[in-house]
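Numbered by the numbering used here, the letters in the sequence shown go through residues 40 to 463 in order. Here the structure is laid out as structure tokens; the discussion comes afterwards.
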Amino acid sequence: MSEIHKDLNKHPCFNPAMKGQAGRVHLPVAPNCNIKCNYCDRKYDCVNESRPGVTSTILTPEQALVYMGKVLEKEPRITVAGIAGPGDPFANAEATMETMRLINKKYPQMILCLASNGLGIGPYIPELAELNVSHVTITINAVDPEVGAKIYSWVRDGKVAYHGRQAAELLLSRQLEAVKSLKAHGITVKINSILIPGINDQHILKVAETMKELGADLFNCMAMFPNVGTPFGEIREPSKEEVGAMRSEAEKFLPQMRHCTRCRADAVGLLEQDRTEEMRGCLSACAQLPALPPEIRPYVAVGTMEGVLVNQHLGEANRFQIYKRKGDEYLLVEERPAPKVSGGLQRWTSLARVLNDCRAVLVSNVGETPRGILEKAGVKPVEMGGFIADGLKTIFEGGNPDTLKARRQSCTKGVCAGSGGRCQ
40 MSEIHKDLNK HPCFNPAMKG QAGRVHLPVA PNCNIKCNYC DRKYDCVNES RPGVTSTILT
100 PEQALVYMGK VLEKEPRITV AGIAGPGDPF ANAEATMETM RLINKKYPQM ILCLASNGLG
160 IGPYIPELAE LNVSHVTITI NAVDPEVGAK IYSWVRDGKV AYHGRQAAEL LLSRQLEAVK
220 SLKAHGITVK INSILIPGIN DQHILKVAET MKELGADLFN CMAMFPNVGT PFGEIREPSK
280 EEVGAMRSEA EKFLPQMRHC TRCRADAVGL LEQDRTEEMR GCLSACAQLP ALPPEIRPYV
340 AVGTMEGVLV NQHLGEANRF QIYKRKGDEY LLVEERPAPK VSGGLQRWTS LARVLNDCRA
400 VLVSNVGETP RGILEKAGVK PVEMGGFIAD GLKTIFEGGN PDTLKARRQS CTKGVCAGSG
460 GRCQ
């Protein structure tokens, strides 16, 4: 973890002494989820509920950065920027990581934190440490797959969905690996466990004991919030007395969090002085902000096999060369990997984030679906054939991209399906 001075004691969720002095803002940049909990309602767009997984809107990473600044203008006591949904941060990994990068760069004093189910966080932990993400919460409701199988309807890893015990085993293995890796990278770990009467109420202490063995720092036993229409919608909410008794027992293993307010995914303010409602208009306004204009998009991306010709369809490129203009020259800055193929619209929204500082992407072909998504994000897809230099000259000098257009071929459906093999 790089050396940037932060007062880590000013995280109000991890230090109850700060709950009336230091605040947090949750940046809702992660709408998708990779597991289905039987107590969870995925209808997250709501202004009237106050519970985890709910927000009134979704932000892009760039919009989140603007919103962060406006929040600090209104409430300078904010010391923590976190991502807690409304889905899972690592079912939206590109947006999550880009948001962390942007916030860390502009506000290096800000404490950064994340809340995840742990399924997809593993590969990103080294970079999280480099970005000075100091606090991570992992929700672990069971350390026995038999119990976990009752809690999760499905777990999706990439394109594969798992059910029953197999799903619970996969999730648990990733969670245990995540906690160990987070601690190995010097990150403070809090464990959230949802107390579900008749399901895991006899198992929570085993979760706490196991987490102690893995080196977790804090334990938060939370009452399940019944959501109508979910499989657990008819299960009663545990009483404060039941939760309190469980925390007292679990304290034999780990320090307990007793001041949790079950924050929304767009919560802002002090824990004792919430300002989410007050900031809702600002949040909505930031969600309407346009993509970065060309003057602060200094690059052009290129789909190429050998670095000379534009000769890859958007859907077949597994990495893009990134160029900038310097005087009369066009310089190769770097190569960026394309997002891992995940299918559907998520692939193209992820690519738009990867190319968020590019004014155009030069490819031999592009389908209508990704074209629309990229254009909305401010990245102009340009179909062309021939030399990269010709395309760069046209784009950087403000020429007509239509003069570059190549004859369409192979893209028979007109829509990039996201197979990674071609633009179809």
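From the three backbone atoms N, C-alpha and C, an ideal C-beta is built for every residue, glycine too.
Between which residues of its own chain and residue i is the CB-CB distance below 8 angstroms, once the five residues before and five after are set aside?
{"i": "Thr178", "result": "Ala154, Ser155, Asn156, Gly157, Ile230, Asn231, Ser232 and Ile233"}
{"i": "Pro420", "result": "Leu353, Ala399, Val400, Val402, Val405, Pro409, Arg410, Leu413 and Glu414"}
{"i": "Asn87", "result": "Residue placement at Asn87 is flagged as unreliable, the pLDDT there being 42, under the threshold of 50; the coordinate-derived value follows with that caveat. Correct list: empty, nothing qualifies."}
{"i": "Glu276", "result": "Ala262, Met263, Phe264 and Pro265"}
{"i": "Thr96", "result": "Pro67, Asp84, Asp305, Leu322, Ser323 and Ala326"}
{"i": "Leu210", "result": "Ile74, Asn156, Gly157, Leu158, Gly187, Tyr191 and Val194"}
{"i": "Leu293", "result": "Ile230, Ala247, Met250, Lys251, Ala255, Asp256, Leu257 and Phe258"}
{"i": "Gln351", "result": "Gly342, Thr343, Met344, Val402 and Ser403"}
{"i": "Arg116", "result": "Gln60, Ala61, Gly62 and Leu309"}
Since residue i is in the alpha helix (DSSP H), which residue starts that stretch and which ends it?
{"i": "Ser479", "result": "Missing from the structure shown is residue 479; the chain here goes from 40 to 463 and no further."}
{"i": "Ile164", "result": "Ile164 to Glu169"}
{"i": "Cys325", "result": "Arg319 to Ala326"}
{"i": "Gln205", "result": "Gly203 to Ala223"}
{"i": "Arg140", "result": "Ala132 to Lys145"}
{"i": "Ala247", "result": "Ile243 to Leu253"}
Spatial neighbours of residue i within its chain, please: C-beta separation below 7 angstroms, excluding the five flanking residues on both sides.
{"i": "Ala391", "result": "Ile412, Leu413, Ala416 and Val418"}
{"i": "Pro378", "result": "Glu133, Arg386, Ser389, Leu390 and Val393"}
{"i": "Leu431", "result": "Val339, Tyr362 and Tyr369"}
{"i": "Arg286", "result": "Cys260, Gln295 and Arg297"}
{"i": "Glu137", "result": "Pro100 and Arg392"}
{"i": "Leu328", "result": "Gln102 and Val105"}
{"i": "Ile160", "result": "Phe129 and Ala217"}
{"i": "Gly425", "result": "Leu348 and Val349"}
{"i": "Val110", "result": "Val64, Ile117, Val307 and Met318"}
Would DSSP call residue i helix, strand or coil?
{"i": "Arg336", "result": "coil"}
{"i": "Lys379", "result": "coil"}
{"i": "Gly459", "result": "Because the pLDDT at Gly459 is just 38, under 50, the model does not fix this residue reliably, and the value given afterwards should be weighed accordingly. Looking at Gly459 - three-state DSSP - the assignment turns out to be coil, as it is neither helix nor strand."}
{"i": "Phe483", "result": "The first residue shown for the chain is 40 and the last is 463, placing residue 483 beyond what the model contains."}
{"i": "Ile230", "result": "strand"}
{"i": "Met285", "result": "helix"}
{"i": "Gln465", "result": "This structure leaves residue 465 out entirely; the chain is present only between 40 and 463."}
{"i": "Ser278", "result": "coil"}
{"i": "Leu158", "result": "coil"}
{"i": "Gly406", "result": "coil"}
{"i": "Ser122", "result": "A quick correction: the sequence has Ile, not Ser, at residue 122. Three-state DSSP puts Ile122 in a strand."}
{"i": "Arg195", "result": "strand"}
{"i": "Gly308", "result": "strand"}
{"i": "Tyr78", "result": "coil"}
{"i": "Gly62", "result": "strand"}
{"i": "Ile117", "result": "strand"}
{"i": "Phe129", "result": "helix"}
{"i": "Gln385", "result": "helix"}
{"i": "Arg392", "result": "helix"}
{"i": "Leu153", "result": "strand"}
{"i": "Leu104", "result": "helix"}
{"i": "Asp429", "result": "helix"}
{"i": "Val86", "result": "Here the model assigns Val86 a pLDDT of 44, short of 50, so the residue's position is not dependable and the matter cannot be decided."}
{"i": "Leu293", "result": "coil"}
{"i": "Val2", "result": "This structure leaves residue 2 out entirely; the chain is present only between 40 and 463."}
Comparing alpha-carbon positions, which option in the options lies nearest residue i?
{"i": "Val119", "options": "Asn143, Ile97, Phe129 and Asp127", "result": "Asn143"}
{"i": "Val172", "options": "Leu221, Val110 and Arg286", "result": "Leu221"}
{"i": "Cys325", "options": "Gly62, Val194 and Gly108", "result": "Gly108"}
{"i": "Val186", "options": "Met139, Ala223 and Ile243", "result": "Ile243"}
{"i": "Cys397", "options": "Asn350, Arg386 and Arg375", "result": "Arg375"}
{"i": "Pro162", "options": "Ile190, Leu104, Ala428 and His224", "result": "His224"}
{"i": "Lys145", "options": "Gly159, Ile164, Glu166 and Leu170", "result": "Leu170"}
{"i": "Val246", "options": "Leu167, Lys291, Leu104 and Gly346", "result": "Lys291"}
{"i": "Leu384", "options": "Pro100, Asn131 and Pro440", "result": "Asn131"}
{"i": "Glu373", "options": "Val64, Gly346, Gly366 and Gln351", "result": "Gly346"}
{"i": "Glu112", "options": "Leu328, Leu151 and Val64", "result": "Val64"}
{"i": "Pro184", "options": "Gly203, Leu253 and Arg319", "result": "Gly203"}
{"i": "Asp367", "options": "Glu166, Glu288, Thr433 and Gln205", "result": "Thr433"}
{"i": "Val267", "options": "Cys152, Asn77, His50 and Cys52", "result": "Asn77"}
{"i": "Ile164", "options": "Glu208, Lys219, Gly121 and Arg303", "result": "Lys219"}
With a threshold of 8 angstroms (Cβ to nearest heavy atom), would residue i be considered close to the ligand SAH?
{"i": "His242", "result": "As for the ligand SAH, it is missing from this structure, which has no ligand bound."}
In the DSSP assignment, find the unbroken beta strand (DSSP E) run with residue i in it and report its ends.
{"i": "Gly187", "result": "From DSSP, Gly187 is part of no beta strand (DSSP E) but of the alpha helix (DSSP H) over Pro184 to Ile190."}
{"i": "Asn71", "result": "First-last for Asn71: undefined, no H or E at that position."}
{"i": "Arg364", "result": "Arg358 to Lys365"}
{"i": "Thr178", "result": "Val172 to Thr178"}
{"i": "Phe258", "result": "Leu257 to Ala262"}
{"i": "Lys419", "result": "Lys419 to Glu422"}
Within a Cβ cutoff of 6 angstroms, which residues of the same chain sit near residue i, ignoring the five residues on either side of it in sequence?
{"i": "Ile238", "result": "Lys189"}
{"i": "Phe435", "result": "Arg364"}
*Should the region 207-219 be called in touch with the region 161-179, which here means at least 3 C-beta pairs below 8 angstroms?*
yes
_Pairs of beta-carbons, one from the region 61-81 and one from the region 116-131, closer than 8 angstroms: are there three or more?_
yes
*asked:* Below 8 angstroms, how does it come out for the region 262-280 and the region 303-321: are there three or more Cβ pairs, yes or no?
replied: no
*Does the pairing of the region 185-204 with the region 257-267 give three or more beta-carbon distances under 8 angstroms?*
no
*May I ask you to verify whether the region 339-348 touches the region 358-370, counting CB pairs closer than 8 angstroms and requiring at least 3?*
yes
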